[in-house]
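There are 2 protein chains.
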Amino acid sequence: MKSNDLKEVALNQFALHGYQGASLSSIANEVGIKKQSIYAHFKSKEDLFISTYNDSLVNELYFIKQYMLENSSSSLKEVLYTFLNEYLGRYEKSHNMNFFMRTSFFPPVQFEQQIKKGTNEFVDELESLYFSLFEDKKDDLKPGINPEFAALSFLTILDGLLVELLYGFPERLQKRLTSSWEVYWQGVTK
Amino acid sequence: MKSNDLKEVALNQFALHGYQGASLSSIANEVGIKKQSIYAHFKSKEDLFISTYNDSLVNELYFIKQYMLENSSSSLKEVLYTFLNEYLGRYEKSHNMNFFMRTSFFPPVQFEQQIKKGTNEFVDELESLYFSLFEDKKDDLKPGINPEFAALSFLTILDGLLVELLYGFPERLQKRLTSSWEVYWQGVTK
DNA sequence: TCACTCCTTACGAACGTTCGTAAGTCTATA
DNA sequence: TATAGACTTACGAACGTTCGTAAGGAGTGA
Chain A
0 MKSNDLKEVA
10 LNQFALHGYQ
20 GASLSSIANE
30 VGIKKQSIYA
40 HFKSKEDLFI
50 STYNDSLVNE
60 LYFIKQYMLE
70 NSSSSLKEVL
80 YTFLNEYLGR
90 YEKSHNMNFF
100 MRTSFFPPVQ
110 FEQQIKKGTN
120 EFVDELESLY
130 FSLFEDKKDD
140 LKPGINPEFA
150 ALSFLTILDG
160 LLVELLYGFP
170 ERLQKRLTSS
180 WEVYWQGVTK
Chain B
0 MKSNDLKEVA
10 LNQFALHGYQ
20 GASLSSIANE
30 VGIKKQSIYA
40 HFKSKEDLFI
50 STYNDSLVNE
60 LYFIKQYMLE
70 NSSSSLKEVL
80 YTFLNEYLGR
90 YEKSHNMNFF
100 MRTSFFPPVQ
110 FEQQIKKGTN
120 EFVDELESLY
130 FSLFEDKKDD
140 LKPGINPEFA
150 ALSFLTILDG
160 LLVELLYGFP
170 ERLQKRLTSS
180 WEVYWQGVTK
């Protein structure tokens, strides 16, 4: 289906150049059609954009939920550390994360409320996934550590590493990952 | 001087709409001149942009260095925690941080190398500032904690909180700040 | 099987608008 | 009187969008 091709190419272009920077003609070009033909699939550039955004949100959430399902039997330490590495590695494999971050961090003004709502639901879901995880495995934590605090703290570090991912200096990212993990794990276990 | 007015307005518009989304005419409009008059001060939109970017980098670094100078006698705990709050609070007061983050995270393609170089120097300087701080005050740390690790870990948390700042949910930011700080400080002290 | 209609997808041509940029002119200040 | 800075006018290029049209497939009734 050409609609999916369009959304896939649009994702890449929007990730690379942003909403305003990506043009319909260059998107159409990459798909192999004329820009007017886009209007057979989407009624406007805005329509294409939010359609792409909704997909990216679903994909992002799907990846995380899937990981959680597949690793629910591992120890807390293993779940967390492996997740960090897998999630950061995902960045290289598709533009979905890049697009999603760009759009969530700096939404085009005309979509601001809509995207803020999406972001809010995403983070809410993410947090409750991690709350459950930490609650289930709180025996792995040092007594006296609030599982919710530990979860939020972990997610903050994850966000911090995402920033480093955007900067694009892999060796620095690696050092930050090592340091942050060590200090974090030392903080939540004895 | 009108050049400074221009850069100030440009900073706001670029922060709000990005490089491609901000137009010279709207910038000129806000300054109170015609867009063609911009060319009396800058030779192109690109020129205005990187000029604005260089200013924003200097400002960002200045704020941090100044804070470090003024608080060099405080305890490590106080320096760090107060910095977190002051730096996050700075976000509301000017668009400099927003512009700088937007540009560093997602540079327009034609400026990519130039901005990556700036970002790299900025982070390098930031890290060495914190390396010195943690080295100077390593007695405040739990023995066995590597001061460099503690510094990088702190900076990663800072970045993570910046992301939360961009999301724009103050109450969530507050919870993350509290949790992250508590876990972090528990990790680096006994 | 045939003809008819409907829907999807694609196209060329053109629309109005906005963009960044250029050249030349006027005017105030120093 | 020289210069900086703002103005007017104008430009080509690119933008998103609309229109009319055409090819192809799916389903329907004769």
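So the protein lines, in turn, are chains A and B. Residue 21 in numbering that gives the first Met the number 0 sits at position 22 of the first sequence, and the numbers go up by one each step. Residue 132 in numbering that gives the first Met the number 0 sits at position 133 of the second sequence, and the numbers go up by one each step. Backbone N, C-alpha and C fix where the C-beta goes; we use that ideal spot for every residue, glycine too.
- Scanning its chain for C-beta atoms nearer than 8 angstroms, with the 5 sequence neighbours on each side dropped, one finds around B/SER50 the residues LYS6 and PHE41, in chain order.
- Taken in chain order, the complete alpha helix (DSSP H) segments of 4 or more residues contained in the segment 62 to 129 of chain A are 75 to 92 and 95 to 104.
- Counting every other CB atom within 10 Å of its CB across the protein chains shown gives A/THR177 a total below 16, marking it as exposed.
- Here B/TYR52 has THR102 as same chain residues with Cβ atoms under 6 angstroms from its own Cβ, once five neighbours each way along the sequence are excluded.
- Among the residues of chain B, none has a CB under 8 angstroms from the CB of A/LEU132; the nearest is roughly 15 angstroms distant.
- A/LYS136 carries a coil assignment under DSSP once its states are collapsed to helix, strand and coil.
- A/HIS16 carries a helical assignment under DSSP once its states are collapsed to helix, strand and coil.
- Chain-ordered, the chain B residues with CB closer than 9 angstroms to the CB of A/PRO107 read HIS16, GLY17 and GLY20.
- Between the segment 160 to 180 of chain B and the segment 97 to 112 of chain A there are three or more C-beta pairs closer than 8 angstroms, enough to call the two in contact.
- Along the segment 163 to 176 of chain B, going in chain order, the ones with a CB nearer than 9 angstroms to a CB of chain A are GLU163, LEU165, TYR166, GLY167, PHE168, ARG171, LYS174, ARG175 and LEU176.
- Assigned with DSSP and collapsed to three states, B/PHE48 falls in helix.
- With the criterion set as a beta carbon lying under 9 angstroms from some beta carbon of chain A, the members of the segment 144 to 164 of chain B are ILE144, ASN145, GLU147, PHE148, ALA149, ALA150, LEU151, SER152, PHE153, LEU154, THR155, ILE156, LEU157, ASP158, GLY159, LEU160, LEU161, VAL162 and GLU163, in sequence order.
- A/PHE110 is outside the set of residues whose beta carbon lies under 8 angstroms from a beta carbon in chain B.
- Short of 8 angstroms from the beta carbon of B/LEU128, and not among the five residues preceding or following it, lie these beta carbons of its own chain, in chain order: ILE63, LYS64 and MET67.
- DSSP, reduced to helix, strand and coil, places B/PHE148 within a helical segment of the structure shown.
- For B/ASN119, at least one C-beta of chain A is nearer than 8 angstroms to its own C-beta.
- Annotated three-state conformation of A/THR188 is coil, per DSSP.
- Not flagged as an interface residue toward chain A: B/GLU124, since no C-beta distance is shorter than 8 angstroms.
- In this model, A/GLU59 and A/ASN95 are separated by some 7 angstroms (Cα to Cα).
- As the crow flies, the alpha-carbon of B/LEU151 is around 8 angstroms from that of A/LYS174.
- Remark: fewer than three beta-carbon pairs, one from each stretch, lie closer than 8 angstroms, so the segment 119 to 128 of chain A and the segment 24 to 39 of chain B are not flagged as touching.
- The beta carbon of A/GLY88 sits no closer than 8 angstroms to any beta carbon of chain B.
- The Cβ of A/GLY186 sits closer than 8 angstroms to at least one Cβ of chain B.
- Contact between A/LEU140 and A/ALA149 is confirmed by a C-beta separation of about 6 angstroms, below the 8 angstroms threshold.
- In this model, A/THR188 and A/GLU77 are separated by some 13 angstroms (Cα to Cα).
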